[in-house]
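Accompanying notes for the structure given below.
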């Protein structure tokens, strides 16, 4: 009986033991604490090249190359050691320090405790090679000139206006002072500045070299030289410059097409294609989705062609080696399938530029087989044919394209084909009437976008303040207006050297909802700059 009782107790104890576990205590949420720094933080008359930081626990450095900001920038980055967990961080300065200068080493959130990753937020080590610490500040905000969302890790810079200063300094030299918005802030503060006159810019610095590279970087700049001290809050707007047109080496893509990649815009490009002294007629179209143009021509047997490109003041001539390649096939595709919305035109795309549309070989009938009148329009730069007609609700339409409805550049006729689309009921759509107030100038572009910035509807106003968007698909819209200063009906970016800011873009702060079978009247009040 004793043995049975002992076994029973053992089983119960074992069972209970399996259920229990050690929690490990409360989670550590406390950031590391700096116990000692050598030399002391905010030291003056700094002469050495080594700084030691001692903490109350083991710390590690995370994303330090991205988080750490040194102002003024050093030509050679300091050496940080060790990179593994330690209670001490050693900073070895590899650069020659400027005289009588206050330096700031901002670690951002890179110093973290080794176990839980709690950051020592925005820790700064500051020292001066002179007799005092500069203490002036400059504040402001960063925004994107076009998009609602602003980039993270934007560098804000000050260039000292001295006897060596000119506008091109941003391309060649590092700034006198720099800070960074890091991964969350849209405000900036430049600290430990000395009194003086400065150029204020901001960069989304893709190369992380503290210099402006127009090919990769966004830039923002204040139009005038600023003076420190200043209690003015500066607002900077980031934009990507339009690069000057520069073609890359032309490549033969087929027996009738050459592709030319390029930087900058290619609108207005003129191409002269020659076989010896013979000029070959060409058609130029953009290559959709690529920074390239397509130069179309009729096939010709030759070893090489001469291609001269002209755009504004730019001119360059190339020799294109030609191989015996097949010509592109003529393919006609529809850009819509299923439902055709009331605000849209039925659109066909062609794989090759068209030279003729024969409307007598295009038939449009409804579900009762009744012919529907239509008109066509060829959009040459898109290689698209728009077919417009009066659409009725809850109707089905059949497009019949006979052979030869379209003729391409190579004088080939399209094959016979057909397409079917249908329309919805009017009650499936909504109507939006916008009353605009506080518009400071005209003309303006009004765009309705989704939450990702895709344009769903657009209008252009040269003075009208009441705009109607009828029969639009139900959605939650963001309203964006663009002040079209040069009246070209598109948004234009800025240019640093020309001291030209972008065309102004404003967003209505709250979304506008349109539901099916709704008539929405919305007043939008825009104020300020």
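Residue numbers (mature numbering (1 follows the signal peptide of the UniProt record, and there is no 0)): -17 to -1, 1 to 512.
Glycine is no exception: its CB is placed at the ideal position from the N, C-alpha and C atoms.
Residue 154: member of the alpha helix (DSSP H) spanning 152 to 155, first to last residue. In the DSSP assignment, residue 49 falls within the unbroken alpha helix (DSSP H) covering 47 to 50. Put simply, the region 333 to 346 touches the region 389 to 401. At least three CB pairs are less than 8 angstroms apart. Between residue 224 and residue 471 a beta carbon distance of about 17 angstroms is seen, past the 8 angstroms cut, so the two are scored as non-contacting. Boundaries of the beta strand (DSSP E) around residue 111: 107 to 111. Within its own chain, the residues whose Cβ lies closer than 6 angstroms to the Cβ of residue 408, once the five positions on either side in sequence are excluded, are 376 and 377, listed in chain order.
Taking residue 371 as the centre and dropping the five residues before and after it, the same chain places the C-beta of 328 and 358 closer than 6 angstroms to its C-beta, in chain order. For residue 192, same chain residues with a beta-carbon under 6 angstroms away, outside a window of 5 residues either side, do not exist. DSSP places residue 352 in the coil class of the three-state scheme, outside both helix and strand. Straight-line measurement puts the Cα of residue 464 at about 30 angstroms from the Cα of residue 163. In summary, residue 279 is buried, with 16 or more beta-carbon neighbours lying within 10 Å of its beta-carbon over all protein chains present. Non-local C-beta neighbours of residue 68 in its own chain, meaning closer than 6 angstroms and more than five positions away in sequence, comprise 41, 43 and 97, ordered along the chain.
The alpha-carbon separation between residue 318 and residue 330 amounts to approximately 6 angstroms. DSSP places residue 442 within a strand segment (E or B) once states are collapsed to three.
For the region 277 to 332, the full-length beta strand (DSSP E) segments reaching 3 residues or more read 287 to 294, 297 to 304 and 315 to 317 along the chain. Excluding five sequence positions before and after residue 402, the CB atoms of its chain that fall closer than 6 angstroms to its own CB belong to 317 and 382, given in chain order. Per DSSP, the continuous beta strand (DSSP E) segment holding residue 391 begins and ends at 389 to 391. The alpha-carbon separation between residue 14 and residue 99 amounts to approximately 9 angstroms. Annotation for residue 418: the continuous beta strand (DSSP E) segment containing it runs 413 to 420.
Looking at the DSSP output, residue 33 shares a beta bridge with 75. Judged by DSSP secondary structure, residue 371 falls within the beta strand (DSSP E) whose first and last residues are 367 to 371. The region 292 to 312 and the region 350 to 365 do not touch, with fewer than 3 CB-CB distances between them shorter than 8 angstroms.
Here residue 294 is actually not in contact with residue 244; their C-beta atoms are around 14 angstroms apart, not less than 8 angstroms. Note on geometry: alpha-carbon atoms of residue 325 and residue 159 lie some 58 angstroms from one another. Between the C-alpha atoms of residue 116 and residue 83 there is a straight-line separation of about 9 angstroms.
In this structure residue 211 is in contact with residue 178, their Cβ atoms being roughly 6 angstroms apart against a cut-off of 8 angstroms. DSSP lists no bridge partner for residue 60. With the rule of 3 Cβ pairs closer than 8 angstroms, the region 436 to 451 does not count as touching the region 489 to 505. The region 407 to 421 and the region 450 to 457 touch, with three or more beta-carbon pairs separated by less than 8 angstroms.
In the structure shown, residue 409 adopts helical secondary structure according to DSSP, grouped into three states. Comparing alpha carbon positions, the residue from 298, 184 and 335 closest to residue 366 is 335.
For the 8 angstroms CB-CB criterion, residue 276 and residue 249 form a contact.
Note that the C-beta distance between residue 490 and residue 427 is not below 8 angstroms.
Rounded to the nearest whole angstrom, the C-alpha separation of residue 144 and residue 181 is 5 angstroms. Going by DSSP, residue 358 is part of the beta strand (DSSP E) stretching over 358 to 362.
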